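Structure record follows, encoded as structure tokens.
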Ligand SMILES: Nc1ncnc2c1ncn2[C@@H]1O[C@H](COP(=O)(O)OP(=O)(O)OP(=O)(O)O)[C@@H](O)[C@H]1O
């Protein structure tokens with residue numbers, strides 16, 4: 001458990017996230033080159049592009065996970081609500097509390113109950129919630145994650161006994177428990193069947209009104225369905241990844257400025 005304790009915010013308060021001239025390296029291998037992107041509050045931003053162009057690395061930089069890799073380094077700024085999350089005064093645990101992450105593969109604590117899985121994020125980040133408020137918080141988060149109706153009568157059963165799609169929604173509920181301002185999602189549906197995928201997409205729609213969402217997806221239909229803005233990443237001929245163009249999803253799919261974007265979104269490469 002973290003040494004810090006903080007009171008849970010009363011409500012989720014979505015904030016804009018802004019990356020400015022972000023470059024990234026693994027050792028001396030540069031994988032991102034001066035990526036700038038504004039991710040407005042209460043909007044879904046989709047990061048798209050072929051494999052290896054640096055989307056996941058960029059996402060991990062947005063909540064300070066890149067620095068977990070020993071050889072990793074970066075340059076540039078990431079601002080949440082105008083404040084640099086890499087400022088020396090900002091604790092990593094506080095940045096990750098405000099900017100949550102949902103991974104490709106659902107990763108609930110399998111032996112832990114559904115209830116305890118939801119509140120696990122509070123313990124991990126040292127966030128205090130009054131004992132009497134925990135039940136309400138669990139219901140709130142499971143409801144927002146679209147799982148409450150399916151699990152409300154078996155909250156003490158293990159999280160690992162749920163289906164893959166339900167486990168992913170449990171992970172979303174766990175992320176929501178600390179009331180983050182931003183939720184990052186790294187291909188959250190790639191391990192799921194089409195029905196579970198639809199269910200997660202509905203959840204993303206419902207959450208978008210109150211939390212800023214950034215999602216990496218290889219699925220162009222999904223990017224078109226869930227996002228309001230897209231950023232197209234590309235790493236050409238051994239060069240580091242960069243953003244070719246970004247903008248409203250309708251324009252990125254309907255009339256992009258760059259022919260490489262048109263080729264990618266229309267499935268002509270990648
Ligand atoms: N832990 C790591 N150590 C060294 N190199 C890494 C590491 N993680 C990623 N890379 C390299 O960084 C580059 C970008 O990888 P990244 O996973 O960010 O791309 P991506 O666009 O998310 O790919 P995908 O769509 O396949 O997940 C690749 O060249 C990859 O090999």
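Numbering (full-length UniProt numbering), first residue to last: 1 to 270. A virtual CB, placed ideally from N, CA and C, is assigned to each residue, including glycine. Fair warning: this is a prediction, and the values are worked out from it, not measured in the lab.
State the start and end residues of the unbroken alpha helix (DSSP H) segment that holds residue i.
i	result
residue 205	194-207
residue 221	220-226
residue 62	55-62
residue 98	92-98
residue 253	249-254
Among the options, whose alpha-carbon lies nearest the alpha-carbon of residue i?
i	options	result
residue 108	136, 244 and 164	164
residue 145	132, 61, 198 and 161	198
residue 9	177, 242 and 221	177
residue 75	51, 57 and 137	57
residue 175	51, 77 and 127	127
residue 31	61, 132 and 16	61
residue 98	83, 129 and 142	83
residue 92	125, 159, 152 and 27	125
residue 161	152, 123, 113 and 148	113
residue 123	253, 6 and 230	6
residue 229	254, 242 and 240	254
residue 219	242, 196 and 189	189
residue 54	241, 47 and 265	241
residue 245	24, 46, 143 and 102	46
residue 208	73, 191 and 44	44
residue 85	68, 64 and 102	64
residue 100	89, 172 and 26	172
Tell me the residue span of the beta strand (DSSP E) that contains residue i.
i	result
residue 8	Segment: none, residue 8 is in no beta strand (DSSP E) and carries neither H nor E.
residue 263	It is not in any beta strand (DSSP E) - residue 263 instead sits in the alpha helix (DSSP H) that spans 259-265.
residue 211	Element bounds for residue 211: n/a, residue is neither H nor E.
residue 45	44-48
residue 185	182-186
residue 275	Residue 275 lies beyond the residue range present for the chain, which begins at 1 and ends at 270; the question has no answer from this structure.
residue 236	Where residue 236 is concerned, there is no enclosing beta strand (DSSP E), given that its DSSP letter is neither H nor E.
residue 26	17-26
residue 67	Element bounds for residue 67: n/a, residue is neither H nor E.
Item to check | Cβ pair count under 8 Å reaching 3, the segment 111-119 against the segment 189-206 | outcome: no
Checklist entry - What are the uninterrupted segments assigned as beta strand (DSSP E) that are 3 or more residues long and contained completely in the segment 101-178, given in chain order? => result none
Checklist entry - So which residues put a beta carbon under 5 Å from any heavy atom of ligand 1, going in chain order? => result 26, 31, 51, 52, 53, 54, 55, 56, 57 and 69
Checklist entry - Quick one: any contact between the segment 215-222 and the segment 181-201, if contact means 3 or more CB pairs under 8 Å? => result yes
Next on the checklist: Quick check: the segment 257-266 against the segment 231-248, are at least 3 beta-carbon pairs closer than 8 Å?
Outcome noted: Cβ pair count under 8 Å is three or more, so yes.
Checklist entry - Using 8 Å as the threshold, is the segment 245-253 in touch with the segment 222-230, meaning 3 or more CB pairs across them? => result yes
Checklist entry - Does the segment 14-24 come within contact of the segment 34-48, defined as at least 3 CB pairs closer than 8 Å? => result yes
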